[in-house]
Structure formats: C-alpha cells, structure tokens
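Sequence lines, in order, name chains A and B.
Here the first sequence stands for residues 2 to 118, numbered as in our numbering.
Here the second sequence stands for residues 2 to 118, numbered as in our numbering.
In what follows, a structure is listed as structure tokens, so that the remarks can point back to it.
Protein chains: 2
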Amino acid sequence: MPIVAARHLDTVFSALGDPVRLAIVENLSTSTSGHAMVNDLAALFPISLQAVSKHIKVLEAAGVVSQGRDGRHRPVSLVQSSISTASDWLDDRTRQLEARYARLDHVLANIHEGTRS
Amino acid sequence: MPIVAARHLDTVFSALGDPVRLAIVENLSTSTSGHAMVNDLAALFPISLQAVSKHIKVLEAAGVVSQGRDGRHRPVSLVQSSISTASDWLDDRTRQLEARYARLDHVLANIHEGTRS
DNA sequence: TTGACATTCAACTGTTTGATTGAATAAGAT
DNA sequence: ATCTTATTCAATCAAACAGTTGAATGTCAA
C-alpha cells in the first residue's frame with residue numbers, strides 16, 4: 002500500500018514554516034505542563050501580543066495546537082496527532098530514499114560479481 | 002554558483018508548506034531513479050512550467066532538493082539530510098510529548114495509590 | 001461596580017508569494 | 001546553420017502574509 006499524504010499536510014508544514022511559530026511549538030513541547038498562556042508565549046518574541054495571537058490562530062487552523070479555556074486565560078497546547086502525521090510522512094520519505102540506496106548497492110554488487118566471473 | 006546557503010528548519014518546513022512542492026518531494030521519493038526532469042514534474046500539475054521551475058528553486062534554496070546537469074536537462078533529486086533534519090526535529094517533539102504523558106500517568110498512578118491508603 | 005488583566009477583533013500597511021506571459025539561453029537533432 | 005527541446009529569466013499582478021495600533025470582549029478581584 003502506498004502511504005498517502007494526509008490531505009492537509011502542506012498546511013501543517015506551512016504552519017511550521019515560520020520561525021516564531023516553530024519556536025512556539027518547541028516551547029510547548031519542552032514545557033513541563035504541556036501548555037502555555039498567550040501572554041507567556043508573547044513574552045518570548047519581540048513582536049506584539051496580537052501578532053503572537055495571530056500566529057497561534059494559524060497553528061490552530063492547521064491543527065498543530067488547540068486552545069482551551071481557563072477563566073480569562075486561553076491555554077495553548079500541542080496536538081500530538083498533527084505532529085505525528087507530519088513526522089510519519091517525513092519518515093516515509095526517508096525510508097524510500099534508503100530503500101533506493103539499498104537497491105543501488107545491490108545493483109553495484111551484482112555488477113562487481115559479474116566482472117569477476 | 003555552488004549552492005549550500007544558510008538553511009534553517011523553518012525554511013525547510015516553509016518549502017514543504019505548499020501542495021505543489023509537497024507533491025514534487027513525494028514524487029521524487031517514490032521515483033525509481035531518484036530524480037526527475039523539470040518537464041516531467043511540470044506535467045503533474047495544472048500550472049505553467051515556469052511556475053514549477055520556481056517551486057523547484059524554492060525547494061533548492063531550502064536545501065530540500067538539488068539540481069544537476071545532464072545535457073539540456075536539469076535533473077532534480079532529493080537531499081536526504083534536509084529531510085532527515087526535519088524528521089529528527091519532529092521526532093524530538095513527539096518524544097517530548099510522550100515523555101510528558103508518561104510522567105502524567107505516573108502522577109495519576111501515585112494519586113490513585115494515595116486514595117487507597 | 002469599577003478597574004485591571006488576558007485575549008481577540010478590526011482596520012491598515014508594507015512585503016512576500018504564486019501565478020502568468022514573453023523573451024532569452026543552452027544544447028541536442030536535422 | 002537551423003530548428004526544436006529544456007529550462008530559466010524578467011516583468012507584472014493579485015492574493016496572502018506578518019506586522020502594527022486602537023477598540024472591544026470577557027473574566028477576575030477590590
């Protein structure tokens with residue numbers, strides 16, 4: 002079965018394709034609690050709170066993070082499945098590349114054997 | 002001009018964050034030869050050859066593909082290290098998420114033990 | 001109720017991007 | 001030499017994007 006890319010995989014990669022959003026994801030993945038407030042995340046970057054809020058919306062639209070509700074806070078946390086989906090797709094690419102190299106090695110080995118006979 | 006510019010992870014993700022470019026990468030990874038001509042890739046999409054050529058340039062600038070020279074052809078092939086770099090980063094995120102879940106399980110188990118005592 | 005805090009919405013702006021068409025370059029085929 | 005093929009370069013355009021400031025919403029705390 003050929004492994005088919007998820008329908009909106011490009012949206013996930015696009016969401017990760019910005020230094021601020023990549024840093025947000027990294028921060029969330031390394032935080033002990035697994036979530037962070039918009040305000041705390043905004044403090045990490047030299048841009049306005051509103052700009053960070055927008056970045057979070059982009060990540061959320063791509064399914065990379067989700068936002069809950071805790072009083073007047075909106076805790077942001079990673080959605081593991083989206084990370085896994087992207088990771089799996091890249092792993093598939095790596096495996097296919099390695100498989101081709103392996104086939105190439107095999108062909109070269111056969112050629113070598115042929116020259117000896 | 003020898004390529005190899007400062008390639009950052011967000012640039013790689015950004016390059017993958019487009020359906021045409023993602024399909025190009027997928028096509029290259031599944032092709033038997035491991036490379037493809039610009040013309041052949043362009044035939045896969047309902048956009049102009051020049052647009053596809055630009056997409057390839059974006060992928061090349063991000064270090065995701067490289068282009069060789071074979072007569073009047075410019076064969077495009079994947080650069081494994083860039084795929085691996087992105088894959089490794091996502092794997093790290095996945096591992097951190099799993100580690101946190103494991104710690105949470107542990108905490109919950111302790112709480113449960115506490116209620117029994 | 002008033003005020004502070006956390007966050008979003010709305011409007012605006014400059015930059016980047018994805019696409020187009022037409023012209024240019026380069027190399028194989030006739 | 002000329003023609004055809006493969007690909008890129010250049011100019012252009014509309015749409016999307018990342019950022020800003022200012023106003024609005026909702027919630028806690030006095």
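Just so you know, even glycine gets a beta-carbon here, dropped at the ideal spot from N, CA and C.
This one's a predicted model, so the numbers in the text were calculated from it and none came from an experiment.
**Prompt:** Any idea what DSSP makes of residue 36 of chain B, helix, strand or coil?
**Reply:** Of the three classes helix, strand and coil, the one that applies to residue 36 of chain B here is strand, per DSSP.
**Prompt:** If you count every other CB in all the chains shown that lies within 10 Å of the CB of residue 97 of chain A, and 16 or more means buried, which is it?
**Reply:** Taking a 10 Å sphere around the C-beta of residue 97 of chain A, we find 16 or more other C-beta atoms and assign the residue as buried.
**Prompt:** Closer than 7 Å, Cβ to any Cβ of chain B: which residues of the region 87-102 of chain A, in chain order?
**Reply:** Contacts with chain B (Cβ-Cβ distance below 7 Å) from the region 87-102 of chain A involve 87, 88, 91, 92, 94, 95, 97, 98 and 101, listed in chain order.
**Request:** For residue 20 of chain B, go through chain A and note every residue whose CB falls closer than 8 Å to its CB, in chain order.
**Result:** Result: 11.
**Message:** For the beta strand (DSSP E) containing residue 79 of chain B, name the first residue and the last one.
**Reply:** Looking at the DSSP string, the run of the beta strand (DSSP E) that includes residue 79 of chain B is 77-79.
**Asked** Nearest-angstrom Cα distance between residue 103 of chain B and residue 91 of chain B?
**Response** For residue 103 of chain B and residue 91 of chain B, the distance between alpha carbons rounds to 18 Å.
**Prompt:** Out of curiosity, what's the CA-to-CA distance linking residue 76 of chain B and residue 67 of chain B?
**Reply:** For residue 76 of chain B and residue 67 of chain B, the distance between alpha carbons rounds to 8 Å.
**Request:** Give me the Cβ distance between residue 18 of chain B and residue 15 of chain A, rounded to the nearest whole Å; I'm assuming they're in contact under 8 Å.
**Result:** About 3 Å separates the Cβ atoms of residue 18 of chain B and residue 15 of chain A, confirming a contact at the 8 Å cut-off.
**Message:** At the 7 Å Cβ level, is residue 51 of chain A part of the contact set with chain B, yes or no?
**Reply:** No, no contact with chain B.
**Request:** Evaluate the contact criterion for the region 51-70 of chain B versus the region 20-37 of chain B: three or more CB pairs, one atom per stretch, below 8 Å.
**Result:** The region 51-70 of chain B is in contact with the region 20-37 of chain B.
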